[in-house]
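Since the structure comes first, as structure tokens, the remarks are kept for the end.
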Amino acid sequence: MEAFEVLQLVLYFSALIACVPLLGGYMAKVFTGERTVLSVIFHPVENRIYRIAGVNPTEQQNWKTYTLALLIFNGLGFLVVFLLQLIQGILPLNPAELPNVDPPLAFNTATSFMTNTNWQSYAGETTLSYLTQMAGLAVQNFVSAATGIAVVIALIRGLTLRSGTTIGNFWVDMVRATLYILLPLALILAIMLVSQGVVQNFSDPVEATTLTGETQVLPQGPAASQIAIKQLGTNGGGFFNANSAHPYENPTPLSNFLQMFSILLIPAALTVTYGKMVGSARQGWVIFATMLCLLLLGLTVMLVSEYSTKPFSDSTVMMEGKETRFGITNSILWGAATTAASNGSVNAMHSSFSPLTGGIAMLNIMLGEVIFGGVGAGLYGMLIFVILTVFIAGLMVGRTPEYLGKKIEACEIKMAIISVLLPSAAILLFAAVAAVTDEGLSSRANAGPHGFSEILYAFTSAAGNNGSAFAGLNANTDFYNLLLGIAMWIGRFGVIVPALAIAGSMVSKKVTPPSPGTFPTDGPLFAGLLTAVILIVGALTFFPALALGPIVEHLLMNSGRVF
Amino acid sequence: MKQLYPAFAILALLTLLTGVIYPLTVTGIAQVVFPKKSDGSLIKEEGIVVGSSLIGQNMNNDPRYFWSRPSAVGYNPLPSGGSNLSSTSATLEEAVGQRTADFRTANQLAEGTDVPAEMVFASGSGLDPHISPEAARLQIDRVAEARNLPREQVADLVEDFVESPQLGFLGQPRVNVLLLNLALDELQ
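Chains as they are written, first to last, in our numbering: chain A, 6 to 568; chain B, 66 to 253.
Pasting the structure below:
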């Protein structure tokens with residue numbers, strides 16, 4: 006690693022830490038209903054939306070109504086994307102004349118975008134029309150991210166509001182998250198990306214005659230607008246098959262920096278929003294620090310592993326699947342950010358990372374997508390771990406566990422355990438099924454332990470709603486399209502519903518003032534305990550599976566074995 | 066089921082906003098402010114599109130040109146992608162050995178010369194337009210000989226096309242192969 010590469014890393018994290026308080030404070034204003042700088046523009050739009058939709062923005066919902074509204078809205082979103090794909094052949098904005106999509110693939114893709122996963126069994130440039138990309142996928146990029154934000158805001162209200170039964174209004178949270186946060190940021194980022202060369206047009210694919218006389222068809226499309234929200238909303242679904250490795254999707258090191266920054270921006274800023282809304286900035290920063298430590302820990306292992314791997318006798322460093330303009334450091338930093346943040350976009354092929362680098366990428370997802378995590382999803386996942394940690398700490402000192410003055414009781418712990426167990430079970434059980442059936446095994450592209458890693462990564466990515474892949478695996482089969490689709494549903498709503506149930510249960514509890522026996526949750530001791538709980542739960546659940554994949558591959562590679 | 070109508074209405078309105086108005090606004094601004102870039106940075110010669118400055122091309126081992134990286138899709142963008150082969154792949158090991166030997170032979174390099182990693186490993190997109198400055202310099206002799214040009218002239222041209230990291234520290238130093246080759250054709 007050279008000095009200027011270290012400088013890139015330092016600048017990246019400094020920029021993040023500098024911008025997080027600004028955006029975090031702004032988001033807190035948006036959700037507590039204060040006036041913001043953008044109210045002049047969006048307040049009238051917002052009110053008109055409520056009027057047309059028949060929503061009373063001052064009406065408050067209990068957790069069951071809130072959850073029901075969320076599920077209906079997401080179910081409807083799924084249906085729209087599903088149907089759009091089934092009939093895209095006869096719809097407009099399809100200059101490449103792409104045919105209708107097969108139902109299993111359409112199911113997988115619709116699920117994938119609705120659940121904020123953006124797993125892609127298809128290649129964008131040869132499967133989906135501009136209309137499907139814009140009116141189907143891009144819309145879900147916005148609203149699935151807004152759904153995540155809504156859930157975490159509802160959970161925060163549950164933890165802080167006093168003796169009520171209501172946790173907010175889903176429609177208001179959905180509309181505000183989209184209008185005030187996602188839309189303006191996406192607009193700015195999209196224009197910045199075009200300035201670097203990301204395409205944005207509605208032209209037909211361009212036919213070029215190359216220097217050596219070949220024909221090269223250059224796909225076009227409204228890419229920049231979609232890529233901006235793909236990063237900001239931690240969606241990750243590429244406009245093109247190679248995702249952000251594609252020069253039309255990520256042309257320069259600056260576009261790369263902007264996209265990496267956008268991956269972590271909102272999830273990181275939400276910790277500050279949290280601190281503001283609970284009335285203690287330290288509570289937010291403790292969570293931010295825990296997330297940052299876990300990210301840096303993983304990043305360090307990934308960088309060391311990648312720089313020290315020289316797999317074949319002739320080669321120097323492993324450049325397979327990496328772009329020259331980004332080099333190793335930027336590929337690995339992106340790999341760490343995108344797996345930690347449940348984004349899933351890639352600027353290098355994860356399957357060609359060294360075994361341990363790929364293993365950490367997987368572990369980042371397996372830990373529950375709480376290292377910043379998805380927009381909203383990362384923080385509500387982390388708050389569930391906070392509740393578990395408070396409970397465990399309470400057991401150790403022999404007092405009733407409480408968080409922010411509210412008692413943690415059986416109901417919350419049950420819900421927390423369900424939300425941790427469901428995605429983990431989906432990963433391990435589905436990967437086990439795939440590893441012993443012909444349908445599962447025949448899709449592998451690499452032999453040996455890496456083939457198993459491809460399968461394990463796929464289900465990890467689906468259940469973690471990440472969307473990145475060891476992309477050699479041919480996932481566009483009925484078996485994988487259906488099973489991965491189901492894993493995405495479980496990974497998304499198996500956490501959202503328990504999180505909202507916790508919000509509903511906590512909101513009805515009385516706040517007791519802190520006593521000498523209260524375990525403080527705003528200091529480094531708590532951050533350390535929280536980190537330990539996350540690592541122990543993750544390691545105990547997934548170590549055996551990782552041992553069969555990346556770990557054994559690393560050992561075999563060092564002894565010179567190839568498959 | 067009181068929530069059903071709001072669900073329909075809000076999804077429809079947000080689709081209008083984020084799926085239609087937003088991409089059209091971005092397109093409108095982009096086409097006015099950055100017309101060439103939003104249309105794919107195309108390079109035209111006498112009205113014919115010869116490629117995009119962002120998308121690499123297959124040089125088919127033509128000795129008169131600088132060569133691009135190996136590509137898992139043969140520089141065909143439909144669809145783009147990498148090999149996804151792992152560091153324990155026998156297929157990849159064999160390919161790397163072959164590409165190393167081929168690169169040394171084609172450029173008359175001594176056995177044991179370090180071949181830059183990007184010339185033996187395929188890129189993630191399969192469309193990588195760049196190679197490292199070292200990889201370009203190692204090809205100067207071959208190109209100069211094939212074109213009957215003085216070595217100095219070709220070497221100077223290569224140095225003209227070396228791009229530093231963006232803003233001084235972002236990304237890697239690199240050479241855009243297509244732009245370099247086009248300039249090479251201009252020389253004659």
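Virtual Cβ for every residue (Gly too), placed ideally from N, Cα, C. Note that the coordinates shown come from a computational prediction; the quantities given were computed from them, not determined experimentally.
Quick one, are the C-beta atoms of residue i and residue j less than 7 Å apart?
i: Ala74 of chain B; j: Ala58 of chain A; result: yes
i: Trp290 of chain A; j: Ile172 of chain A; result: no
i: Thr278 of chain A; j: Ile292 of chain A; result: no
i: Pro252 of chain A; j: Leu119 of chain B; result: yes
i: Arg129 of chain B; j: Arg212 of chain B; result: yes
i: Pro272 of chain A; j: Ala342 of chain A; result: no
i: Ile432 of chain A; j: Ala468 of chain A; result: yes
i: Gly121 of chain B; j: Pro198 of chain B; result: no
i: Phe147 of chain A; j: Leu75 of chain A; result: no
i: Gly105 of chain B; j: Gln13 of chain A; result: no
i: Glu183 of chain B; j: Arg239 of chain B; result: no
i: Gln125 of chain A; j: Val106 of chain A; result: no
i: Ala33 of chain A; j: Met387 of chain A; result: no
i: Asn470 of chain A; j: Thr120 of chain A; result: yes
i: Val180 of chain A; j: Glu64 of chain A; result: no
i: Ala550 of chain A; j: Leu461 of chain A; result: yes
To the nearest angstrom, how far is the alpha carbon of residue i from that of residue j?
i: Leu81 of chain A; j: Leu76 of chain B; result: 8 Å
i: Gly399 of chain A; j: Thr526 of chain A; result: 12 Å
i: Val180 of chain B; j: Val204 of chain A; result: 34 Å
i: Leu198 of chain A; j: Phe548 of chain A; result: 40 Å
i: Val575 of chain A; j: Ile413 of chain A; result: Since the first residue shown for chain A is 6 and the last is 568, residue 575 of chain A is missing from the structure and cannot be characterised.
i: Arg566 of chain A; j: Gly233 of chain B; result: 41 Å
i: Val66 of chain B; j: Ile77 of chain A; result: A quick correction: the sequence has Met, not Val, at residue 66 of chain B. Roughly 9 Å separates the two Cα atoms.
i: Ile495 of chain A; j: Gly153 of chain A; result: 15 Å
i: Ala157 of chain B; j: Ile196 of chain B; result: The displayed chain sequence assigns Leu, not Ala, to residue 157 of chain B. Leu157 of chain B and Ile196 of chain B: Cα-Cα distance of roughly 20 Å.
i: Gly238 of chain A; j: Glu7 of chain A; result: 32 Å
i: Phe531 of chain A; j: Val402 of chain A; result: 14 Å
i: Pro142 of chain B; j: Asn369 of chain A; result: 31 Å
i: Asp221 of chain B; j: Val222 of chain A; result: 32 Å
i: Ala366 of chain A; j: Leu259 of chain A; result: 23 Å
i: Ile389 of chain A; j: Ala421 of chain A; result: 6 Å
i: Ala23 of chain A; j: Asn99 of chain A; result: 42 Å
i: Asp167 of chain B; j: Tyr185 of chain A; result: 56 Å
i: Ala437 of chain A; j: Leu489 of chain A; result: 13 Å
Since residue i meets chain B, which of its residues come closer than 7 Å, beta carbon to beta carbon?
i: Val306 of chain A; result: Those within 7 Å of Val306 of chain A in chain B number zero; the least Cβ separation is about 16 Å.
i: Met354 of chain A; result: Gly147, Asn149 and Gly189
i: Gln562 of chain A; result: The displayed chain sequence assigns Met, not Gln, to residue 562 of chain A. Ser152 and Thr153, listed in chain order.
Along chain A, which residues have their Cβ under 7 Å away from the Cβ of residue i?
i: Glu183 of chain B; result: Met324 and Thr329
Taking 6 Å as the cut-off, does the CB of residue i come closer than this to any heavy atom belonging to the ligand COA?
i: Gln122 of chain B; result: This structure does not include the ligand COA; it has no bound ligands of any sort.
Would you mind telling me which residues of chain B sit closer than 8 Å to residue i, beta carbon to beta carbon, in chain order?
i: Ser359 of chain A; result: Ser152
i: Ser200 of chain A; result: Val98, Phe99 and Lys102
i: Phe568 of chain A; result: Thr153, Ser154 and Ala155
Going along chain A, which residues have a C-beta under 9 Å from residue i?
i: Leu76 of chain B; result: Phe78, Leu81, Gly82, Val85, Val144 and Val148
i: Thr43 of chain B; result: Shown here, chain B extends from 66 to 253; a query on residue 43 of chain B therefore has no answer.
i: Val254 of chain B; result: It is not possible to answer for residue 254 of chain B, since the shown part of chain B is limited to 66 through 253.
Below 8 Å on C-beta distance, what does residue i contact in chain A?
i: Arg239 of chain B; result: Thr329 and Arg330
i: Ala72 of chain B; result: Ala74, Ile77, Phe78 and Leu81
i: Pro230 of chain B; result: Phe9 and Pro258
i: Leu174 of chain B; result: Going along chain A, no residue has its Cβ under 8 Å from Leu174 of chain B, so there is no contact; the nearest lies around 13 Å.
For residue i, return the contacting residues in chain B, with the cut-off set at a CB-CB distance below 9 Å.
i: Asn52 of chain A; result: Ordered by position in chain B, no residue passes the 9 Å Cβ test against Asn52 of chain A, which lies about 12 Å from the chain.
i: Ser208 of chain A; result: Asp104 and Gly105
i: His455 of chain A; result: Leu150, Ser151, Ser152, Thr153 and Ser154
* Asked: Using a Cβ cut-off of 8 Å, which residues of the stretch 138–158 of chain B contact any Cβ in chain A, in chain order?
  -> Tyr140, Asn141, Pro142, Leu143, Pro144, Ser145, Gly146, Gly147, Ser148, Asn149, Leu150, Ser151, Ser152, Thr153, Ser154, Ala155, Leu157 and Glu158
* 4 or more residues per run - each alpha helix (DSSP H) lying fully within the stretch 143–193 of chain A -> 144–165 and 175–181
* **Every unbroken beta strand (DSSP E) within the stretch 93–151 of chain A, with a cutoff of 3 residues, ordered by chain** => none
* **Complete runs of the alpha helix (DSSP H) confined to the stretch 423–472 of chain A [at least 4 residues]** => 443–446 and 454–468
* Taking any Cβ of chain C, which residues in the stretch 122–155 of chain A have a Cβ under 7 Å from it, in chain order? -> Absent here is chain C; the protein component of the structure consists of chains A and B.
* To do: For the stretch 128–207 of chain B, list the alpha helix (DSSP H) runs that are entirely contained and at least 4 residues long, ordered along the chain.
  => 155–171 and 198–202
* Taking a Cβ distance cut-off of 9 Å, strictly less, list which residues of the stretch 178–196 of chain A are near chain B, in chain order. => Met179, Val180, Thr183, Leu184, Leu187, Leu188, Ala191, Leu192, Ala195 and Ile196
* **Length-filtered (4 minimum) alpha helix (DSSP H) runs lying within the stretch 80–123 of chain B** => 87–98 and 100–103
* To do: May I ask you to list, following chain order, the residues of the stretch 80–99 of chain B that have a beta carbon less than 8 Å from some beta carbon of chain A?
  => Thr80, Leu82, Thr83, Gly84, Val85, Tyr87, Pro88, Thr90, Val91, Thr92, Ile94, Ala95, Gln96, Val98 and Phe99
* **chain A contacts made by the stretch 195–227 of chain B, where a contact means CB separation under 9 Å** => His195, Ile196, Ser197 and Ala200
* Could you please tell me which residues of the stretch 424–449 of chain A, in chain order, have their CB closer than 7 Å to any CB of chain B? => none
* Check each residue of the stretch 230–250 of chain A: if its Cβ is closer than 7 Å to any Cβ of chain B, include it; give the result in chain order. => Ser230, Phe245, Asn246, Ala247 and Ala250
* To do: May I have a chain-ordered list of the alpha helix (DSSP H) segments no shorter than 4 residues that lie completely inside the stretch 229–275 of chain A?
  => none
* Could you list the residues in the stretch 491–516 of chain A with a C-beta less than 9 Å from some C-beta on chain B, going in chain order? => none
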